[in-house]
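Remarks on the structure that follows.
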Amino acid sequence: MTHRPSDDVLIAYAAGTLPQGPALVVAAHLALCPDSAERVRQFEAFGGAVLEQAPVAEVSDDALEKTLASLDSYGPAQVLPRGNWLADLPEGMTLPAPLEHYDIGRWKFLSPGVQWGSIGKGGPARSRPMLLRAKPGMVLPEHTHSGTEYTLVLKGTLRDATGDYHVGDLIVADASLEHQPAAGRDDECICLVVVDGRLRMKSLLGRMVQPLLGF
Amino acid sequence: MNDIGTFAFGSFEAMWQRQLRRTLRRAEPNAVNGRCVRTMTEQADYSARIIRIARYGDKVAFAELFSFYAPRIKGLFMRGGLAVGQAEELAQETMLMVWRKAALFDPAKASASTWIFTIARNLRIDAIRRERYPAQYLLEDAEPELEPSPSDGLLKAESEARIRTAIRSLSPDQVAVIHLHYFDDKPHSEIARTLDLPLGTVKSRLRLAMLRSRGLLGEE
Numbered sequence: 000m001t002h003r004p005s006d007d008v009l010i011a012y013a014a015g016t017l018p019q020g021p022a023l024v025v026a027a028h029l030a031l032c033p034d035s036a037e038r039v040r041q042f043e044a045f046g047g048a049v050l051e052q053a054p055v056a057e058v059s060d061d062a063l064e065k066t067l068a069s070l071d072s073y074g075p076a077q078v079l080p081r082g083n084w085l086a087d088l089p090e091g092m093t094l095p096a097p098l099e100h101y102d103i104g105r106w107k108f109l110s111p112g113v114q115w116g117s118i119g120k121g122g123p124a125r126s127r128p129m130l131l132r133a134k135p136g137m138v139l140p141e142h143t144h145s146g147t148e149y150t151l152v153l154k155g156t157l158r159d160a161t162g163d164y165h166v167g168d169l170i171v172a173d174a175s176l177e178h179q180p181a182a183g184r185d186d187e188c189i190c191l192v193v194v195d196g197r198l199r200m201k202s203l204l205g206r207m208v209q210p211l212l213g214f
Numbered sequence: 000m001n002d003i004g005t006f007a008f009g010s011f012e013a014m015w016q017r018q019l020r021r022t023l024r025r026a027e028p029n030a031v032n033g034r035c036v037r038t039m040t041e042q043a044d045y046s047a048r049i050i051r052i053a054r055y056g057d058k059v060a061f062a063e064l065f066s067f068y069a070p071r072i073k074g075l076f077m078r079g080g081l082a083v084g085q086a087e088e089l090a091q092e093t094m095l096m097v098w099r100k101a102a103l104f105d106p107a108k109a110s111a112s113t114w115i116f117t118i119a120r121n122l123r124i125d126a127i128r129r130e131r132y133p134a135q136y137l138l139e140d141a142e143p144e145l146e147p148s149p150s151d152g153l154l155k156a157e158s159e160a161r162i163r164t165a166i167r168s169l170s171p172d173q174v175a176v177i178h179l180h181y182f183d184d185k186p187h188s189e190i191a192r193t194l195d196l197p198l199g200t201v202k203s204r205l206r207l208a209m210l211r212s213r214g215l216l217g218e219e
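In the order they appear, the protein sequences are chains W and G.
For the first sequence, position 116 matches number 115 in numbering that gives the first Met the number 0, and the numbering has no gaps at all.
For the second sequence, position 13 matches number 12 in numbering that gives the first Met the number 0, and the numbering has no gaps at all.
This is the structure in structure tokens:
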């Protein structure tokens with residue numbers, strides 16, 4: 000069984016109302032899950048239909064003329080540079096294509112057996128996504144969050160009280176869930192995580208590292 | 000009070016299901032439905048224009064696309080809360096992008112409207128958040144995929160036509176909520192203020208739209 004986000008999340012992504020961080024995690028999920036990708040295509044088609052029936056707001060008289068005049072003066076499309084990836088990844092592992100243009104920081108200590116790597120720079124810290132890497136069987140710091148938490152499994156398995164999650168699975172947990180996911184016993188686990196809202200570590204250690212994470 | 004938000008949930012749900020079934024009957028792909036057929040033809044025409052831009056740099060085709068889409072893009076942006084000036088500017092920018100990216104348009108993947116919608120959506124986010132929206136599927140070079148069968152494109156066109164027909168049958172109220180949902184970062188509470196409606200009503204209307212889209216698109 001694969002764990003896919005609800006239609007609400009996919010509609011918000013297709014409509015462009017999902018915040019940047021969660022949108023990036025959803026985009027990475029789509030690269031790994033054809034079913035969700037197809038669903039998003041349908042919701043984008045919904046957006047196309049909405050556009051066709053949008054209220055008509057007349058553009059100014061010279062709008063077409065001005066646009067036509069600038070057609071030829073436009074330079075070639077800019078190509079986004081590849082991001083700078085400092086975190087070393089296990090042999091043979093690549094990150095989903097949507098992460099290509101983001102900088103990825105070195106692995107840093109989060110808690111025993113668990114490291115984190117920053118993604119991108121700038122923007123509000125509290126909803127910036129990050130990579131988490133846990134050794135086999137290691138438990139991620141217990142935490143709650145004031146907003147929704149998106150976790151995409153990129154390597155290994157992740158398990159919590161609600162079940163086992165495999166590569167490509169996206170777990171969307173709302174604020175009410177107090178959970179303590181752990182890496183599967185046989186393999187290390189790498190996840191892409193973002194919290195849309197404030198994260199609260201429960202342990203003393205967690206509370207100590209929290210300021211370092213910028214949450 | 001003629002307000003869907005005030006219906007008890009059960010009867011409201013039943014009422015909605017009835018409405019949805021009627022809509023789906025109307026939107027049956029095989030039904031002889033002039034409106035449905037016409038929309039499909041129109042969309043094919045707009046797709047052909049984008050392809051003419053890509054192949055021949057056809058400015059007449061561009062002008063025709065502009066006259067249909069630019070005022071609608073502007074309308075959608077304004078509905079989403081952008082000021083007139085910015086809405087117009089971004090609508091023009093969207094059309095410029097249509098010109099520049101025309102070679103990436105693949106009619107087997109999306110209709111003209113869907114493709115242009117994704118361009119408009121991304122440009123609007125760029126402008127507001129000053130960050131690139133991570134949703135580029137229709138705007139990138141197609142990765143080599145499995146050979147699509149000719150029926151794939153046909154199915155896509157049919158399913159898009161059904162979505163379009165169903166949206167046409169929504170009430171103006173529902174359309175307004177969907178539009179705000181589809182083109183606005185505002186939380187539901189602000190949508191409620193914009194439309195001058197109670198928050199509960201906005202939420203239930205959004206729920207309606209979701210239900211409808213689920214029924215239409217087939218739940219997994």
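Quick reminder that beta carbons are idealized off the backbone N, C-alpha and C, glycines included.
Keep in mind that this is a model prediction, so the values were computed, not measured.
Please list, in chain order, the chain G residues whose beta carbon lies closer than 8 Å to that of W:SER59. Within 8 Å Cβ-Cβ: GLU87.
From G:VAL59 to G:ARG51, what distance separates their C-alpha atoms? 9 Å
Quick one: grab the DSSP three-state call for G:GLU139. coil
In its own chain, which residues sit with a C-beta less than 6 Å from the C-beta of W:GLY116, not counting the 5 before and 5 after it? Within its own chain, the residues whose Cβ lies closer than 6 Å to the Cβ of W:GLY116, once the five positions on either side in sequence are excluded, are ALA86, ILE103, GLY104, TRP106, LEU130, listed in chain order.
How would you list, in chain order, the residues of chain W whose beta-carbon sits under 9 Å from the beta-carbon of G:LEU75? Residues of chain W with a Cβ closer than 9 Å to the Cβ of G:LEU75 are, in chain order, VAL49, LEU50, ALA53, PRO54, ALA56.
Can you name, in chain order, every residue of its own chain whose Cβ lies under 8 Å from the Cβ of W:VAL192, other than the five neighbours on each side? VAL24, PRO128, MET129, LEU130, LEU131, GLU148, TYR149, THR150, LEU151
What three-state label does DSSP hand W:GLU43 in the structure shown? helix
Interface residues of the region 89-100 of chain G facing chain W [CB-CB below 7 Å]: ALA90, GLN91, MET94, LEU95, TRP98, ARG99
G:LYS100 and G:ILE118 closer than 8 Å at C-beta: yes
Between the CA atoms of W:LEU98 and G:ALA107 - distance to the nearest angstrom: Computed Cα separation, rounded: 26 Å.
Candidates W:GLY119, W:GLU90, W:GLY112, W:THR16, of which the one nearest W:HIS100 by Cα: Ranking W:GLY119, W:GLU90, W:GLY112, W:THR16 by Cα distance to W:HIS100 puts W:GLY119 first.
Does the beta carbon of G:THR200 sit closer than 8 Å to a beta carbon anywhere in chain W? no
Pick out whichever of W:GLY46, W:CYS32, W:LEU63, W:LEU31 has its Cα sitting closest to the Cα of W:GLY15. W:GLY46
Assigned exposure category for W:MET92 - 16 Cβ within 10 Å defines buried: exposed
In chain order, what residues of the same chain have a beta carbon less than 8 Å from the beta carbon of W:ASP186, not counting five sequence neighbours either side? PRO135, LYS154, GLY155, THR156
Run through the DSSP bridge pairs and tell me what W:HIS28 is partnered with. None, per the DSSP bridge assignment.
Listed by chain order, chain W residues near G:ARG51 by CB distance under 8 Å: The contacting residues do not exist; G:ARG51 stays about 14 Å from chain W at best.
Could you tell me which chain W residues have their CB closer than 7 Å to the CB of G:PHE65, listed as they occur along the chain? Per Cβ cutoff of 7 Å: LEU63, THR66.
C-beta atoms of W:LEU139 and W:VAL171 nearer than 8 Å: no
If you draw a straight line from the C-alpha of W:ALA22 to the C-alpha of G:GLY199, how long is it? 26 Å
Residue(s) in a DSSP beta bridge with W:ASP159: W:GLY162
May I ask you to report which of helix, strand or coil DSSP gives W:MET129? W:MET129 falls in the strand class under three-state DSSP.
With G:PHE104 as the anchor, note down where its beta strand (DSSP E) starts and where it stops. Per DSSP, G:PHE104 belongs to no beta strand (DSSP E) and is neither H nor E.
Helix, strand or coil for W:SER5, going by three-state DSSP, please let me know. coil
So, is G:ARG161 buried or exposed, given that buried needs 16 or more other C-beta atoms within 10 angstroms? buried
Could you tell me whether any Cβ in chain G is nearer than 8 Å to the Cβ of W:GLY15? yes
Name, please, each residue of chain G whose Cβ falls closer than 8 Å to the Cβ of W:GLY46. THR113, PHE116, THR117, ARG120, TYR181
Considering only the beta carbon of each residue, do W:GLY230 and W:ALA181 sit closer than 8 Å? Nothing about residue 230 of chain W can be read from this structure; chain W reaches only from 0 to 214.
Compare the beta carbon distance of W:ASP195 and W:PRO18 with 8 Å and say whether it is the shorter of the two. yes
Against chain G, with Cβ distances strictly below 8 Å, would W:TYR12 count as a contact? yes
What residue from W:SER126, W:ALA133, W:LEU94 has the CA that sits closest to W:PRO111's CA? For the residues W:SER126, W:ALA133, W:LEU94, the minimum Cα distance to W:PRO111 belongs to W:ALA133.
Cβ distance (whole Å) where G:ALA53 is taken to contact G:ALA102 below 8 Å: 4 Å
Under 8 Å, Cβ to Cβ, is there at least one residue of chain G near W:GLU148? No, its Cβ sits nowhere closer than 8 Å to a Cβ of chain G.
Would you say W:GLU43 faces chain C, with C-beta separation under 8 Å as the test? Among the chains of the structure shown, chain C does not appear; the protein chains present are W and G.
Put W:GLY146 into one of helix, strand or coil per three-state DSSP. coil
Quick one: grab the DSSP three-state call for W:GLY116. The answer is strand: DSSP assigns W:GLY116 an E or B state.
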